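Notes to accompany the following structure.
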Amino acid sequence: MTAVIGKNGVGKSTLFDAFGFLADALKSGVEEACDSRGRGGFKRIRAQGQKEPIEFEIYYKEDGNARPITYEIAIDMDSSGRPFVLKERLRQRRKGQKHGWPFSFLVLNSGKRGCLERRSGRSSNR
1 MTAVIGKNGV
11 GKSTLFDAFG
21 FLADALKSGV
31 EEACDSRGRG
41 GFKRIRAQGQ
51 KEPIEFEIYY
61 KEDGNARPIT
71 YEIAIDMDSS
81 GRPFVLKERL
91 RQRRKGQKHG
101 WPFSFLVLNS
111 GKRGCLERRS
121 GRSSNR
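Numbering (UniProt numbering), first residue to last: 1 to 126.
Here it is, written out as C-alpha cells:
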C-alpha cells in the first residue's frame with residue numbers, strides 16, 4: 001500500500017491526476033486524455049506560458065530483486081493545436097547488467113520507431 005500525505009494545496013491531487021492522465025492517454029489517446037475529466041485541453045494542462053512538451057518519466061520495480069523498467073513519454077502540440085506523442089521510450093537493464101545505460105527496447109519519435117545502435121556498452125538512438 002502507498003500513502004501520499006501532505007498539507008492542503010501541496011499537489012497531492014495533482015499527482016494523482018497526472019497518473020490518471022497517463023492512464024487515460026494509454027487507454028484512449030493523448031487528445032482525449034487532455035479533454036477528459038475536466039482537464040480543459042492541452043494548453044490548460046501545460047503550465048501557463050510554457051511552450052515545452054509535457055514530459056513524464058516513470059521508474060517501476062516489481063520487487064527488490066527485479067530489474068527496474070523506465071517509461072518515458074513527451075507530449076507536444078502540433079501546428080493545428082492538437083496534442084500528440086512526441087517521444088516514447090521504454091528502457092530496462094539486460095539480465096546480469098549491473099552498470100551502464102539501460103537498453104531501450106521501445107523507442108518512438110513522433111510515432112515512428114527509432115533505430116537503436118550499440119556503442120561501447122551504451123545504447124543510443126539514431
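Here a beta-carbon is modelled for each residue, glycine too, at the ideal position from N, C-alpha and C.
All values derive from a computational prediction rather than experimental measurement.
Does residue i come out as helix, strand or coil in the three-state DSSP assignment?
| i | result |
| --- | --- |
| Arg89 | strand |
| Arg2 | A quick correction: the sequence has Thr, not Arg, at residue 2. Here Thr2 sits in coil by DSSP. |
| Ala33 | helix |
| Ser104 | strand |
| Lys12 | helix |
| Lys7 | coil |
| Gly20 | helix |
In chain order, what residues of the same chain lie with their CB nearer than 7 Å to the CB of residue i, ignoring the 5 residues before and after it?
| i | result |
| --- | --- |
| Ser36 | Asp24 |
| Arg82 | Glu31 |
Is the Cβ of residue i closer than 9 Å to any Cβ of chain B?
| i | result |
| --- | --- |
| Leu86 | Within the model displayed, chain B is absent; a lone protein chain is all it includes. |
Next item on the list: Just list the beta strand (DSSP E) runs in the segment 42-99, keeping only unbroken ones of 3 residues or longer that don't cross its boundaries, in chain order.
Entry: Secondary structure remark: continuous beta strand (DSSP E) runs of at least 3 residues inside the segment 42-99, in chain order: 54-60, 69-77 and 83-92.
Next item on the list: Check whether the segment 64-72 touches the segment 84-92, taking contact to mean three or more Cβ pairs, one atom from each stretch, closer than 8 Å.
Entry: With the cut-off at 8 Å, the segment 64-72 and the segment 84-92 touch.
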